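Oh and the sequence shown: position 330 is 330 in this note's numbering, straight run, nothing missing. A quick write-up on the structure given underneath.
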Amino acid sequence: MAYRIHEDRLGAAFGCAADDALLRAGLRAGLPLAYECNAGGCGSCKFELVEGEILDAWPAAPGLSERDRGRRRYLACQSLPASDCRIKMIGRGDASEAPLPERVSATLEAVEDLTHDMREFRFRTDRPANFLPGQYALLSLPGLGSLRAYSMSNVANDTGEWHFIIRRVRNGAATSLLFDLRPGARVTLDGPYGRAYLRTATARHVVCIAGGSGLSPMIGIARGLDRLGPPQDGSFDFFYGGRSADDICGEMMLRDLPRLGGRLRFHPIVSNEDARWAGRTGMVHELVADLPDETFSRADFYLAGPPPMAEAVVSLLARGRSVPAERIHYDRFF
Numbered sequence: 001m002a003y004r005i006h007e008d009r010l011g012a013a014f015g016c017a018a019d020d021a022l023l024r025a026g027l028r029a030g031l032p033l034a035y036e037c038n039a040g041g042c043g044s045c046k047f048e049l050v051e052g053e054i055l056d057a058w059p060a061a062p063g064l065s066e067r068d069r070g071r072r073r074y075l076a077c078q079s080l081p082a083s084d085c086r087i088k089m090i091g092r093g094d095a096s097e098a099p100l101p102e103r104v105s106a107t108l109e110a111v112e113d114l115t116h117d118m119r120e121f122r123f124r125t126d127r128p129a130n131f132l133p134g135q136y137a138l139l140s141l142p143g144l145g146s147l148r149a150y151s152m153s154n155v156a157n158d159t160g161e162w163h164f165i166i167r168r169v170r171n172g173a174a175t176s177l178l179f180d181l182r183p184g185a186r187v188t189l190d191g192p193y194g195r196a197y198l199r200t201a202t203a204r205h206v207v208c209i210a211g212g213s214g215l216s217p218m219i220g221i222a223r224g225l226d227r228l229g230p231p232q233d234g235s236f237d238f239f240y241g242g243r244s245a246d247d248i249c250g251e252m253m254l255r256d257l258p259r260l261g262g263r264l265r266f267h268p269i270v271s272n273e274d275a276r277w278a279g280r281t282g283m284v285h286e287l288v289a290d291l292p293d294e295t296f297s298r299a300d301f302y303l304a305g306p307p308p309m310a311e312a313v314v315s316l317l318a319r320g321r322s323v324p325a326e327r328i329h330y331d332r333f334f
């Protein structure tokens, strides 16, 4: 069953199936709704329920305060319709150049171990894979009642390939299921989503900063940039932070890029003391801080990783180095 949802701020209506979230149905209909994490944590997709009934998939989601709940506010990413509804989004979304998301079936074709706890998973759909470098998709895994967001490590293609670099989380319900999948397994893939995609309208220097499985979208950014050709100054900086020497990977993927590989400046760092590690030890934002002043004044920065890493990097860029917000690109995850 599908319901009609009217959004007052835009004065637009869209259909939403009973098993779909208001946010994702609205985005599929082409509405510029505000969102970031798509998982209940950031609060960007808050709305007021003016008329109708919804089912709240996560009443305790951290993206809502008690004050929000008292004002009949909900999260569009966690709300399913139970009737026709009128809603009013709190934030304003921006128009995007990204393709509209779709829900499709995908088959796991191959996996490749990258480290002791990270793999690249390669899925295929029966239609072209349309997304921008740096975006993410939501996977519905067999036996898991909720969706999980994972960023693509490849670029758009006509053969329907969606690649994801994913780190196994200890006792994590989703990654335990995912790492047990074998080629031939089928999942539901919903995407693309995300605002931290590669901007192609500028020719500025590009800096990618990743931690953990944040490697995936940054590899995607690098591969997308390689398609465009090297930046005007001919260089490309890629920072990657892990806990130990065992966590550092990705350099060879980047070196293999036909246009950018020879211009790559790869900056790895580990946070734990490790006798096997001869490089820098510390946090990745401390390494980024060593960039020349002129890089901060002219570069576009893309970043992905654990929330504390993202917060530290954004603080360094925005407050410490006065990088304008329009040159800092990341999606908040929790």
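All C-beta atoms, glycine included, are put in the ideal place defined by N, C-alpha and C. Keep in mind the model is a prediction, meaning the values are calculated, not measured.
Could you please give the first and the last residue of the uninterrupted beta strand (DSSP E) stretch that includes L303?
Where L303 is concerned, the enclosing beta strand (DSSP E) stretches over A299 to A304.
Which class does T295 belong to by DSSP, given the choice of helix, strand or coil?
Of the three classes helix, strand and coil, the one that applies to T295 here is helix, per DSSP.
Of the listed residues C85, K46, R72 and L75, nearest to G52 (C-alpha basis)
C85
Sequence-distant residues of its chain with Cβ nearer than 6 Å to A210 (five each side left out):
Once the five neighbours on either side are set aside, the close Cβ partners of A210 are M218, Y240, A304 and G305.
Under three-state DSSP, which class holds F179?
Of the three classes helix, strand and coil, the one that applies to F179 here is helix, per DSSP.
Would you call the CB atoms of R259 and G220 closer than 7 Å?
Their beta carbons are not under 7 Å apart, which means R259 does not touch G220 by this criterion.
For R71, count neighbouring Cβ atoms within 10 angstroms of its own Cβ and tell me buried if that reaches 16, exposed if not.
exposed
I need the straight-line Cα distance from C249 to L264, nearest angstrom please.
14 Å
Are the beta-carbon atoms belonging to R124 and V111 less than 7 Å from one another?
no
P307 by DSSP, collapsed to three states: which one?
helix
Tell me which residues share the same chain as V314 and place their Cβ nearer than 8 Å to its Cβ, disregarding the 5 neighbours each side in the sequence.
Result list for V314: L303, I328 and Y330, in chain order.
By Cβ distance below 7 Å, which residues in the same chain neighbour L348 in space, the five residues on each side in sequence not counted?
What the structure shows of the chain is the stretch from 1 to 334, and residue 348 is not part of that stretch, so it cannot be assessed.
Under three-state DSSP, which class holds L228?
helix
Under 7 Å between C-beta atoms of P183 and L108:
yes
Burial state of T200, where buried means 16 or more other Cβ atoms lie within 10 Å:
exposed
How big is the Cα-Cα spacing for P292 and F47?
Going from the Cα of P292 to the Cα of F47 covers about 43 Å.
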